[in-house]
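Residue numbers for the sequence shown follow my numbering, so the first one is 4 and each next one is one higher.
Only one structure is covered here, and it is reproduced in the block below.
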Amino acid sequence: MINKKHKIALIILLAVLIIFSYNNFISADEFRCNNPKSTGLEVDYPNIGDTNAPTIKSGLPEFISYIFSFALMIGGLLAFAILVYGGISYLVSLGDPGKLQLARSRIFNALLGLALLLSSYLFLDLIGIATIEPLPSVGQNFGICLIDSEGYTRIYRDSVSEIKDFDSSYMRFLSGPDELTSVFAYTEKGMKGTPIEIKNFGGDLEIPFSSKNSIFFLWNKPGIYVYEKTDFGIADQPPFFTNGSVKDLSSWNDKAKSLKIKRSASILGNAILFTEPNFRGSCGIVLSYELNDIEIKNLDNVDVSEWQWYYPKIGNQKLSSIYYFKTIYDKPRPIEDAVTFYTQAGCEGSSISFTGSQIDNIPLMRVIEEKNILNESEVFQSFKIIGDYKVLLTTKDYRGPEGSGDCQLFERPEDNCEETLKGTDVYDPYSVAFGGKRVRTIIILPF
């Protein structure tokens, strides 16, 4: 009989073997990517019944499924062998009570083991982890494959700051162009020097790739791509990518000249571009109500077409922060949602409200003078936000020839009320009477 300590030791040993074997599967694929017939593993493992052997594309669920099927087969064989041995021992015991008891114990343990194996199979099958139908793989054969002069290969799954101990001669894309747009290859470590862009046209082409020491991957995924040349050109570095807002982009404010927003059916991204960090300075609105990607070829030119909007322009080499927001259709806002603006501090005085149904998951823009919201002597001095919104205020008509004026993005305050606009970039009470700073455009942004 196996005591409790032995059982624990066996469980730990089995877990270690599984982890070690899986790591070997993963590391081995780095040396076989140039052979399309190879599984990508050091050993070609056999199929077990209807369970296929793991390959270079196999993920952890398929690997566990294979190990479990293998364990079932070995366990069944061992249990059957012990059952046969116990039966023979019983027959040749010659009436010896001690031998009879030992033989019965072996037969019982073998039957118990078989019952446990069958029960575990039925249980896993019941909860959807059947060995004959492994879960979909979470691993993919993606990235690029480097090939040296002798045919040895190495796979890289993402950007790498230093290629160590490998002198490549050729490169092949493993990901399709819909996943990986291109890679930028550098002759120096740390992605320094002028890069060479290698575009992904699909297929199994082997592209010359020598004397490279670092690589940047330009994935084709939803988000904002900022380029340092007009028409999405590349100079000394690859595009800057983000799939969220960036408060400080000062390192790019003397470079940015064009911009793309890649979108998907579920992520319709838009942006507000600012000329100063922390969502301040002059600002430009970049949005589209269509499903297309947004492409601004030159930040120094406005772009108001049928399917995209960039206005007012912020100019080239001035981008210092980005607010990234998503358009979400068919998601009704709670009826209690509202953004209310007040003519006095502390969210008091005359007011005007915009409800969630009015905002409707797309930016709500209002030019104050055009809508006759206020009397000439009144100005907004505070506001209250109920719901998931941010507020962009500007000191000029955002459609005017002079641009947006001063802009500032406000988040929802903890107590929902922005007590006063005094001291902000969009309101100066001492110059209002002389046509100075006051809120002239309201843009409400859902998030």
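Ideal Cβ placement from N, Cα and C applies to all residues, glycine included.
{"Query": "Within the continuous beta strand (DSSP E) that includes SER217, where are the two ends?", "Result": "217 to 222"}
{"Query": "Taking only three categories from DSSP, how would you classify TYR159?", "Result": "strand"}
{"Query": "What is the DSSP secondary structure of LEU412, reduced to helix, strand or coil?", "Result": "strand"}
{"Query": "Return the chain-ordered list of same chain residues with a C-beta closer than 7 angstroms to the C-beta of SER152, the five sequence neighbours on each side being excluded.", "Result": "SER172"}
{"Query": "Please state whether the Cβ-Cβ distance between ILE264 and ILE218 is less than 8 angstroms.", "Result": "no"}
{"Query": "Using 8 angstroms for Cβ pairs, my map puts GLN384 next to TYR345. What's the rounded Cβ distance?", "Result": "7 angstroms"}
{"Query": "Just to confirm, is the Cβ distance from ASN304 to SER291 under 8 angstroms?", "Result": "no"}
{"Query": "Taking 8 angstroms as the cut-off, decide whether the C-beta atoms of PHE328 and ALA341 are in contact.", "Result": "no"}
{"Query": "Could you tell me which of LEU119, TYR88, SER123 and GLY98 sits nearest to SER108, measuring between CA atoms?", "Result": "TYR88"}
{"Query": "With a floor of 3 residues, list each beta strand (DSSP E) that falls wholly inside the region 271 to 297, ordered by position along the chain.", "Result": "271 to 279 and 283 to 290"}
{"Query": "Can LEU149 and VAL186 be called in contact, C-beta distance under 8 angstroms?", "Result": "no"}
{"Query": "Pull up the distance between the alpha-carbon of GLU422 and that of LYS250, whole angstroms please.", "Result": "23 angstroms"}
{"Query": "Cβ atoms of PHE176 and ASN203: under 8 angstroms apart, would you say?", "Result": "yes"}
{"Query": "Work out the CA separation of SER354 and SER248 for me, nearest whole Å.", "Result": "30 angstroms"}
{"Query": "Please go through the same chain and pick out, in chain order, the residues whose beta-carbon is closer than 7 angstroms to the beta-carbon of ILE270, but skip the five residues on each side of it.", "Result": "PRO225 and LYS329"}
{"Query": "Using the Cα positions of TRP310 and GLU231, report the straight-line distance between them to the nearest angstrom.", "Result": "24 angstroms"}
{"Query": "Output needed for THR397: all residues of its chain with C-beta closer than 6 angstroms, excluding positions within five of it in sequence on either side, in chain order.", "Result": "SER407, GLY408, CYS410 and THR444"}
{"Query": "Which residue from ASP428, LEU424, PHE386 and LYS399 puts its Cα closest to that of ILE447?", "Result": "PHE386"}
{"Query": "For SER253, which of helix, strand or coil comes out of DSSP?", "Result": "helix"}
{"Query": "Does DSSP put LYS102 in a helix, in a strand, or in coil?", "Result": "helix"}
{"Query": "Using a Cβ-Cβ cut-off of 7 angstroms (strictly less than) and excluding sequence neighbours within five positions of ARG441, which residues of its own chain qualify?", "Result": "VAL382, THR398, TYR430 and VAL435"}
{"Query": "Compare the C-alpha of GLN240 against each of ILE325, THR233 and LYS195 and name the closest.", "Result": "LYS195"}
{"Query": "Give the secondary structure of PHE204 by DSSP, where H, G and I count as helix, E and B as strand, and everything else as coil.", "Result": "coil"}
{"Query": "How many Å lie between ASN295 and GLY206 at the Cα?", "Result": "26 angstroms"}
{"Query": "So for GLN320, helix, strand or coil by DSSP?", "Result": "coil"}
{"Query": "Starting from GLY352, trace the beta strand (DSSP E) in both directions and tell me its first and last residue.", "Result": "351 to 358"}
{"Query": "What did DSSP end up calling ARG266 once you bin it into helix, strand or coil?", "Result": "coil"}
{"Query": "Taking the straight line between their C-alpha atoms, what separation do you get for GLY426 and GLU200?", "Result": "47 angstroms"}
{"Query": "Is it buried or exposed for ILE338, if we count other Cβ within 10 angstroms and need 16 for buried?", "Result": "exposed"}
{"Query": "Check ARG441 in the structure and name its three-state DSSP category.", "Result": "coil"}
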